[in-house]
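Here is the structure we will look at, set down as structure tokens.
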Amino acid sequence: MHKDISSTLALSRQALELIGKTQLNAEETRWLNEQTISGFREHINPGFLEYRKSVTAGGQFAAIEWRASGPNTLIDTNGKEYLDCLGGFGIFNVGHRNPTVVQAVEQQLAKQPLHSQELLDPLRALLAKMLASLAPGDLKYCFFGNSGTESVEAAIKLAKAYQTPHGKTAFVATNGGFHGKSLGALSATSKAVFRKPFAPLVPGFRHVPFGDLEAMRDTLYASLNTGDGVAAVILEPIQGEGGVILPPADYLPGVRKLCDEVGALLIIDEVQTGMGRTGKMFACEHSGVEPDILCLAKALGGGVMPISATLASEKVFSVLFDNPFLHTTTFGGNPLACAAGIATVNVLLEQQLPEQAARVGQYLLSGLQDLAEDYPDLIQAVRGQGLLQAIEFQHNQLGYSFAKGMFEAGILVAGTLINAKTVRIEPPLTFTEPLIDRLLTTASSVLKGIQEKQRSGTSQTVAA
Ligand SMILES: *Cc1c(COP(=O)(O)O)cnc(C)c1O
Numbered sequence: 002m003h004k005d006i007s008s009t010l011a012l013s014r015q016a017l018e019l020i021g022k023t024q025l026n027a028e029e030t031r032w033l034n035e036q037t038i039s040g041f042r043e044h045i046n047p048g049f050l051e052y053r054k055s056v057t058a059g060g061q062f063a064a065i066e067w068r069a070s071g072p073n074t075l076i077d078t079n080g081k082e083y084l085d086c087l088g089g090f091g092i093f094n095v096g097h098r099n100p101t102v103v104q105a106v107e108q109q110l111a112k113q114p115l116h117s118q119e120l121l122d123p124l125r126a127l128l129a130k131m132l133a134s135l136a137p138g139d140l141k142y143c144f145f146g147n148s149g150t151e152s153v154e155a156a157i158k159l160a161k162a163y164q165t166p167h168g169k170t171a172f173v174a175t176n177g178g179f180h181g182k183s184l185g186a187l188s189a190t191s192k193a194v195f196r197k198p199f200a201p202l203v204p205g206f207r208h209v210p211f212g213d214l215e216a217m218r219d220t221l222y223a224s225l226n227t228g229d230g231v232a233a234v235i236l237e238p239i240q241g242e243g244g245v246i247l248p249p250a251d252y253l254p255g256v257r258k259l260c261d262e263v264g265a266l267l268i269i270d271e272v273q274t275g276m277g278r279t280g281k282m283f284a285c286e287h288s289g290v291e292p293d294i295l296c297l298a299k300a301l302g303g304g305v306m307p308i309s310a311t312l313a314s315e316k317v318f319s320v321l322f323d324n325p326f327l328h329t330t331t332f333g334g335n336p337l338a339c340a341a342g343i344a345t346v347n348v349l350l351e352q353q354l355p356e357q358a359a360r361v362g363q364y365l366l367s368g369l370q371d372l373a374e375d376y377p378d379l380i381q382a383v384r385g386q387g388l389l390q391a392i393e394f395q396h397n398q399l400g401y402s403f404a405k406g407m408f409e410a411g412i413l414v415a416g417t418l419i420n421a422k423t424v425r426i427e428p429p430l431t432f433t434e435p436l437i438d439r440l441l442t443t444a445s446s447v448l449k450g451i452q453e454k455q456r457s458g459t460s461q462t463v464a465a
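Number 332 in this note's numbering belongs to position 331 of the sequence shown; there are no gaps in the numbering.
Take a look at the structure:
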């Protein structure tokens, strides 16, 4: 494309005008819808439009979001409201536009949005102290970044810096695990589609079946024998993108013990399970396991700002004391993000949202279990903890049909990045029982529709 200053300037003016509006008239709606679709097709990635077509029916692939309309709902440019049962895959734990978070960010915005990068910034210190006092065990120091991927990247680098002098450079991750897509984080992520185009990745990573303590033991002890010392084991306490996979109850404690035996660090990635999602502030608290390094992101910014944190014990983190510039990022821990993080911690504690997630999650799970009993031909299993739940369908196509039907009915649910048979239900922790009832009633009628279609399809096939 050639450079066109006057039309770019005009477009920026028009866009700024729209940003300033809360309501669009019919012409503005048409313009914005058209611009969004052509912008995605021509300048973002046309693949997103194709993906949207595969998960929606009719013209609904072109739904364009406009604003949050309540803690648990959002509306598109055409005014259709959606009940958010995927919570931005774990971003919106405290709901959309939580007033405490919005206020903190607005107040900080009016004072100083970003930091000088030279003086000490107070909010970073305050949030780090709060996270250290909430986190399990002796996690004490905190590195802030901007994404889950960055929190994992920092964890891997920290483990390397700590363990390389001890001759340990290998990493053990798990099949089905998801840790992000930068080259380092991707090395821990398991899915071949995401990894293969970028090989070779960081050397020294291997993957073992998740939830299988014997496999972990064999791998860790084999590495002792070969001398390929394991710097760290990295895993999620519940695999999110892997399809909401819960390990056996003795798994995390067992892995902790094995790590201690062979001198490997344990990195727990709670980017998705953290901040109350599973019914405790951190999912590892369910089993009382204390990691050496803990990764947080997604919900930490209260659904308002991106922020991540990598917490570590003093023993491990002290490798960065001599040179705090060994691992840095410009925007990590900026004042706006930390204001959001502080407000998020406040809301989670003040409103006891982890406890609410435990209660409402139990209610959701028993409702899903009823659905599984009603539709055994469609549903293979349901599972989850707190408000991280999933329906596993008999095959991928059923998962897509279900997500489509729910979308049509104005309820957002979604597949996972690693496992397409599984549809995830991950609403804001501000969800209450009546909203779960609405979700379940709609799910039941969508499932009924799929079953009827399938049966009439089958009888036609038989007749033919
Ligand atoms: C989403 C996710 C990540 C990556 O976070 P981004 O913010 O997308 O970079 C890492 N680990 C887990 C467990 C996640 O769910």
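Don't be surprised by glycine CBs; every beta carbon is placed ideally from N, CA and C. Just so we're clear, the structure is a prediction, and the values are computed from it rather than from any experiment.
For Val256, the three-state DSSP class (helix, strand or coil) = Val256 sits in a helix when the DSSP states are folded into three classes.
Quick check: what's the CA-CA separation for Ala404 versus Leu413?
Each residue's alpha carbon lies about 8 Å from the other.
_Environment of Pro479 [buried if 16+ CB atoms lie within 10 Å]_ = Past the edges of the chain, shown from 2 to 465, lies residue 479, and the structure says nothing about it.
Quick one, which of Ser183, Met276, Ile157 has its alpha-carbon nearest Thr431's?
Each of Ser183, Met276, Ile157 was checked against the Cα of Thr431, and the nearest Cα belongs to Met276.
**Prompt:** Got a sec? Which residues, its chain only, sit under 6 Å from His180 by beta carbon, not counting five neighbours each side?
**Reply:** Residues Val153, Ala186, Ala189, Thr190, Asp270 of the same chain have their beta carbon placed closer than 6 Å to that of His180, with the five preceding and five following residues left out of the count.
task: For Gly149, verify whether its CB is less than 6 Å away from any heavy atom of ligand 1.
output: Answer for Gly149: yes, Cβ within range of ligand 1.
Review point. Per DSSP, what kind of secondary structure is Glu453 in: helix, strand or coil?
Key: Glu453 falls in the helix class under three-state DSSP.
* Asked: Quick one: what does DSSP say Tyr364 is sitting in, helix, strand or coil?
  -> Of the three classes helix, strand and coil, the one that applies to Tyr364 here is helix, per DSSP.
Q. Given that a residue counts as buried once 16 or more other Cβ atoms are within 10 Å of its Cβ, and exposed if not, what is Asn94?
A. Taking all protein chains in view, the Cβ of Asn94 is crowded by 16 or more other Cβ atoms within 10 Å, so the residue is classified as buried.
**Request:** Express the C-alpha separation of Phe195 and Leu132 in angstroms, rounding to a whole number.
**Result:** Rounded to the nearest angstrom, the two C-alpha atoms are 32 Å apart.
| query | Looking at the unbroken beta strand (DSSP E) that takes in Ala265, where does it start and where does it end? | reply | In the DSSP assignment, Ala265 falls outside any beta strand (DSSP E) and carries neither an H nor an E.
Inter-residue CB distance, Leu184 and Phe172 (contact presumed, cutoff 8 Å): That belief does not hold up - the Cβ atoms of Leu184 and Phe172 are roughly 13 Å apart, past 8 Å.
So for Ile294, helix, strand or coil by DSSP?
In the structure shown, Ile294 sits in a strand (DSSP, three-state: E or B).
Could you tell me if the beta carbon of Glu237 falls within a distance shorter than 6 Å of some heavy atom in ligand 1? Yes, the Cβ of Glu237 comes within 6 Å of a heavy atom of ligand 1.
| query | Are the segment 69 to 80 and the segment 280 to 290 in contact at 8 Å, needing three or more beta carbon pairs? | reply | They do not touch, by the three-pair rule.
Open item on the list: Looking at Val361: is its Cβ nearer than 7 Å to the Cβ of Met407?
Closed with: No, the pair does not count as a contact, with Cβ atoms beyond the cut-off.
Q) Expressed to the nearest angstrom, what Euclidean distance is found between the alpha-carbon atoms of Leu115 and Gly138? A) The alpha-carbon atoms of Leu115 and Gly138 are separated by roughly 32 Å.
inquiry  = So, for Ser134: in the same chain, excluding its five sequence neighbours on each side, which residues have a beta-carbon less than 7 Å away from its beta-carbon?
reply    = For Ser134, there are no CB contacts under 7 Å within the same chain when 5 residues up- and downstream are skipped.
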